[in-house]
Structures are given as structure tokens and as C-alpha cells.
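J.: What the sequence shown shows, in the numbering used here, is residues -19 to 61, in sequence order. Right, I'll just put the structure down here and ask away after.
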Amino acid sequence: MPARLRKQLIKGPFESGDDIAALRRFVRLTQEQFAQAMGISVHTLRNWKQGRRTPEGPALALLRIAAKYPRIIRENLEPAA
């Protein structure tokens, strides 16, 4: 992900569903994995991608965290020891 786009995503707002898709690819997760790590349904993730809905509140904060600290999102998928 280009540094410019990453900085934009960290600051928000997410301007399009393509921004969210780019973030998901940057974190290197499938839609299913990304949705699980974010605590949302795949349906919600797809609605964001297609512009039918926009992330707000806690979801927007988590997306910003994912942009700044992608490892945390990936680690959220790992089972607790």
C-alpha cells in the first residue's frame, strides 16, 4: 500500500469502499478473516466495499488501527493461548 494512502486511511475518513478493500489486502486477510478480526459480518464488509454503508464509530476506529498497526488485526485471528 502506498504510504500516502496508508496515511490517509489512518487519519480517515474512508473515502470509498476501495479504500477498505485496499486496507484488507494490505493486512493480507481474506474478506472472511478481515470481517472476523473486525467483529463484523462479511455482509457488512461487502456493504462498505460496495458503498451501500459507511463505517462509523468503533468500526471506523478499528479500521484506522488496522491501517496503522496491521499486525494487531492479524493477531486478533490467532486463538488465545
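All C-beta atoms, glycine included, are put in the ideal place defined by N, C-alpha and C.
1. When you compare only the Cα positions, how much space is there between E28 and G(-3)?
2. Could you check if L(-11) is buried or exposed, using at least 16 other CB atoms within 10 Å of its CB as the buried criterion?
3. Taking the alpha-carbon of L40 as reference, which of M18, N56, V22, I52 has the nearest alpha-carbon?
4. Give every residue of the same chain whose Cβ lies closer than 7 Å to the Cβ of I20, excluding the five residues on either side of it in the sequence, and list them in chain order.
5. Would you mind giving the Cβ-Cβ distance between A2 and L25, rounded to the nearest angstrom? I have them listed as a contact below 8 Å.
T.: Walking through what the data contain:
1. Reading the sequence as shown, one finds Trp at residue 28 and not Glu. Computed Cα separation, rounded: 5 Å.
2. Under a 10 Å Cβ-count criterion, L(-11) is classified as buried, with 16 or more other Cβ atoms of the shown protein chains found around its own Cβ.
3. Ranking the options by Cα distance to L40, first place goes to M18.
4. A39
5. Contact flag wrong, Cβ pair sits at about 13 Å.
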